[in-house]
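For what it's worth, our numbering labels the leading residue of the sequence shown as 29, then goes sequentially. Cβ atoms here follow ideal geometry from the backbone N, Cα and C, with glycine treated the same way.
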Amino acid sequence: MCAYPECNAGQFHDPGLSLRREVTCIKCKRKICSFHGVIWHTGMTCDQYDQHQVEDIQSKNWISKNMKKCSQCQRNVEKNGGCNHITCTRPCGYQFCWKCLADYNRIVSMGSHEHR
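So this is what it looks like as structure tokens:
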């Protein structure tokens with residue numbers, strides 16, 4: 029199957045006939061990886077692509093464990109010390125509680141019960 033969603037042409041690649049993993053789709057003529065079933069990973073061997081996938085998963089895991097999304101702009105924010113009062117980067121500038129993501133200005137004006 030072609031890895032390009034707008035093409036999706038069916039095709040068969042027999043790994044016994046060729047060691048070549050970079051193949052050209054018979055319909056759209058674009059390059060795909062017959063081993064991984066993805067758009068051809070230009071500049072990377074299949075082994076390098078595998079390593080890149082592992083590193084990508086590790087990065088995503090680190091981000092999910094160490095960062096939170098700003099409730100206002102959805103950017104990832106990292107707390108690298110200090111108190112739980114966080115101010116998102118510019119131009120957003122939203123202030124929130126690191127632990128519960130509640131609006132910090134509401135906490136200050138309405139009281140601690142505003143924590144979620």
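Next on the checklist: Looking only at its chain, what residues have a beta carbon closer than 8 Å to the beta carbon of residue 123, apart from the 5 residues adjacent to it on each side?
Outcome noted: 113, 114, 115, 116, 131, 132 and 133, listed in sequence order.
Checklist entry - For residue 74, which three-state DSSP category applies? => result The answer is helix: DSSP assigns residue 74 an H, G or I state.
Checklist entry - Between residue 13 and residue 75, what straight-line distance do the alpha-carbon atoms span, to the nearest angstrom? => result Not covered by the structure: residue 13. The range shown for the chain is 29 to 144.
Item to check | Residue range of the beta strand (DSSP E) that includes residue 95 | outcome: In the DSSP assignment, residue 95 falls within the beta strand (DSSP E) that extends over 95 to 97.
Checklist entry - Which residues share a DSSP beta bridge with residue 40? => result Partner(s): none; residue 40 has no beta bridge.
Next on the checklist: So, at 8 Å on beta carbons, what are the nonlocal neighbours of residue 120 in its own chain, with the 5 sequence-adjacent residues on each side left out?
Outcome noted: Correct list, in chain order: 98, 100, 101 and 103.
Checklist entry - Going straight from the alpha carbon of residue 39 to that of residue 71, what length do you get? => result Their Cα atoms are separated by approximately 24 Å.
Item to check | Per DSSP, the bridge partner or partners of residue 114 | outcome: Within the DSSP bridge table, the entry for residue 114 names 124 as partners.
Item to check | Selected residue, minimal CA-CA separation from residue 32, among 82, 125, 91 and 59 | outcome: Looking at the Cα atoms, 59 is the closest of the given residues.
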